[in-house]
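Working notes for the structure below.
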Amino acid sequence: MFNKILLIAALVSSTTAFANNVKTNAVITEKDKVVTLNIAENNWASVATHSVNGLTKIREYYDMGKAGVQHIDYVANCSSKKLSMAAFKVLPSVMTKNDSNTNVNVSDLSFYKPVIQHDTNILEKACSPSRSIQSAQANN
-3 MFNKILLIAA
7 LVSSTTAFAN
17 NVKTNAVITE
27 KDKVVTLNIA
37 ENNWASVATH
47 SVNGLTKIRE
57 YYDMGKAGVQ
67 HIDYVANCSS
77 KKLSMAAFKV
87 LPSVMTKNDS
97 NTNVNVSDLS
107 FYKPVIQHDT
117 NILEKACSPS
127 RSIQSAQANN
């Protein structure tokens, strides 16, 4: 009997830990529904359609030509108007398979009030009311 209780407790705790990890993941994964936004020429982003705990995940790409593609993951806190960079890498080309680290936890991030125009644009695009409409359309 004790072994059964121990087994059930282990299963419940591992399931809870797994579910919690998904909710606190700071980068967009293949399971997230996204909306694609054009930020500027050679610059586009994918924004997760569901906010988790008031936070929105953003993945931005910037095509640098022969030098490759910048791949940057952000997390936006739309209520406090703050942003955090969760990951950064340079991919050799647009066609490179993205094997980004999905183990970045939201609790490990530092949020800041954007001061440069690029970061302000990302926050505004991710938190705009029109993005909410696009998210609803993408989820339905």
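Numbering of the sequence shown is given in the numbering used here, commencing with residue -3 and proceeding in unit increments.
Built from N, CA and C at the ideal position, the CB exists for glycine as well.
| task | Report yes if the CB atom of Ser47 is closer than 8 Å to the CB atom of Thr32, and no otherwise. | result | Within the sequence shown, numbered from 1, the residue matching residue 47 stands at position 51. Within the sequence shown, numbered from 1, the residue matching residue 32 stands at position 36. Not closer than 8 Å, so no.
| For Val18, which three-state DSSP category applies? | To locate residue 18, count along the sequence shown from 1; it is residue 22. Note that Val18 has pLDDT 43, beneath the 50 cutoff, so the model's placement of it is unreliable and the number below is only indicative. Correct three-state label for Val18: helix.
| task | Tell whether a beta-carbon distance below 8 Å holds between Tyr70 and Met81. | result | Position 74 of the sequence shown, counted from the first residue, corresponds to residue 70. Position 85 of the sequence shown, counted from the first residue, corresponds to residue 81. Result yes, Cβ atoms of Tyr70 and Met81 sit closer than 8 Å.
| request: Would you mind stating whether Asn101 and Ala36 have Cβ atoms separated by less than 8 Å? | output: For the purposes of this step, residue 101 is taken as residue 105 along the sequence shown, with counting starting at 1. For the purposes of this step, residue 36 is taken as residue 40 along the sequence shown, with counting starting at 1. Contact: no.
| request: Mind reading off the beta-carbon distance from Lys77 to Leu119? Whole number of angstroms is fine, and I expect it under 8 Å. | output: Counting from 1 along the sequence shown, the entry for residue 77 is found at position 81. Counting from 1 along the sequence shown, the entry for residue 119 is found at position 123. Confirmed, Cβ separation roughly 6 Å.
| message | Assuming Leu105 is part of the beta strand (DSSP E), what are its boundary residues? | response | By one-based count along the sequence shown, residue 105 stands at place 109. From DSSP, Leu105 is part of no beta strand (DSSP E); its letter is neither H nor E.
| task | State the start and end residues of the unbroken alpha helix (DSSP H) segment that holds Ile118. | result | For this step, residue 118 is matched to residue 122 along the sequence shown. From DSSP, the alpha helix (DSSP H) with Ile118 extends over Gln113 to Cys123.
| message | Going by C-alpha to C-alpha distance, which of Ser75, Tyr108, His67 and Cys74 sits closest to Ala83? | response | On the sequence shown, residue 83 is found 87 positions in, with the first residue counted as 1. When each option's Cα is compared against that of Ala83, the closest is His67.
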